[in-house]
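Numbering (our numbering), first residue to last: 1 to 186. C-beta atoms are modelled at their ideal positions from N, C-alpha and C, and glycine is treated no differently. Keep in mind that this is a model prediction, so the values were computed, not measured.
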């Protein structure tokens, strides 16, 4: 089995050291900026998160329908949080793709690697837009309470059951196997 491109072994997927360092620095930089932003926002919240103060700090009213400004703020929060959490987990696949591209182009890592990373970001941003729109709909239909929890026990129970069913379904298990070893599916 070939060595990991992350470790930089002598495999066909190995990247030149310069490219590996550039990719790691980009991922670390983007992740650090995202987490710095989230820490900054978190410092403005009271330790026992008071719903009214928290949403007011974010510029969001909980007792009135949200306007586009509030939804944009919510989308931004989702996007920054997603980048902070997902960039590190995408690094192995990004390094693997860069190693494959370096092999195909005789050691050069082409612009395709940047496009591959941009594709990841576009998918994440699409998810963030969906999450923000779903949260907006839940807020406006009063399914979500002021502290951003399910407004009724039945709704909370339904969400818990849906999450549990997803964890047990076959499509999730097969997707997890492919995600664990992406090069095996190529």
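Secondary structure at residue 163: helix, using DSSP grouped into helix, strand and coil. DSSP places residue 98 within a helical segment (H, G or I) once states are collapsed to three. Here the stretch 20-33 makes no contact with the stretch 65-74; the two share fewer than three CB pairs at distances below 8 angstroms.
Contact holds between the stretch 78-91 and the stretch 31-39, because three or more Cβ pairs, one in each stretch, are under 8 angstroms apart.
The count of Cβ pairs closer than 8 angstroms, one atom from the stretch 95-103 and one from the stretch 113-121, reaches three, so the stretches are in contact. DSSP places residue 79 in the helix class (H, G or I) of the three-state scheme.
Assignment of residue 90 by DSSP, reduced to helix, strand and coil, places it in the helix class. The criterion of a C-beta distance shorter than 7 angstroms is not satisfied by residue 131 and residue 66. In the DSSP assignment, residue 25 falls within the alpha helix (DSSP H) that extends over 17-43. Residue 144 has its alpha-carbon roughly 34 angstroms from the corresponding atom of residue 27.
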